[in-house]
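S.K.: My structure is below; once you've seen it, I'll send some questions.
Numbering (the UniProt record's numbering), first residue to last: 1 to 144.
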C-alpha cells in the first residue's frame, strides 16, 4: 500500500536555495500588495480601515467627546489587527497629521508630532475622534 502512494505521487526536485528564494519573493510580494499598498478603491491600507471601523464600533464620532487613543488601539488590536500596538498607534497618528495626509481622517487631541520630525506623544494619554470617513466606511464593501 505504501509503495502505491509513492508511485502515484509526483515528487519534484528543487534546489533548496532556489525554492527558498522563490517562496520568499512570492510571500513578500503578497505582503506588500496585501498590507503595505493602499487599496485603489478607497486609498486606505488595511490598518487604516481597521482603525476607522474600530472607532465606528466604539461610537467615536465628531459630535462626542474624544476617547483615549489607548482605548481605540486596544479595541483595534484585540478585535481586528493583532499585529502590535505600535503599528496601530503610528497609523492612527498619521491619520491625524495634516502634514502627512491631505485630509486628516482622525481629529487628534494632544501631541501628534510635527512636520520637523518631532514624534508623537505616548498613546495612553492621547485622544482621537473620526470624521465623515466612518460613514463612508460602512458603505464600502472592502475586506479589512
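Cβ atoms here follow ideal geometry from the backbone N, Cα and C, with glycine treated the same way.
These numbers were taken from a predicted model, which means no experiment stands behind them.
Is the segment 6 to 23 in contact with the segment 52 to 67, if contact means three or more CB pairs nearer than 8 Å?
M.R.: no
S.K.: Have a look at residue 120 and residue 113 and give me their C-alpha separation to the nearest angstrom.
M.R.: 4 Å
S.K.: On a Cα-Cα basis, can you pick out the residue from 45, 118, 108 that is closest to residue 62?
M.R.: 108
S.K.: In its own chain, which residues sit with a C-beta less than 6 Å from the C-beta of residue 76, not counting the 5 before and 5 after it?
M.R.: 50, 51, 54, 88
S.K.: By how many angstroms is the C-alpha of residue 69 removed from the C-alpha of residue 111?
M.R.: Near 12 Å, if we compare the C-alpha coordinates of residue 69 and residue 111.
S.K.: Give the straight-line distance between the Cα atoms of residue 29 and residue 35, rounded to the nearest whole angstrom.
M.R.: Rounded to the nearest angstrom, the two C-alpha atoms are 10 Å apart.
S.K.: Pick from 72, 99, 98, 10: whose alpha carbon is nearest that of residue 86?
M.R.: 72
S.K.: First and last residue of the alpha helix (DSSP H) that includes residue 111?
M.R.: In the DSSP annotation of this structure, residue 111 is not part of any alpha helix (DSSP H), being labelled neither H nor E.
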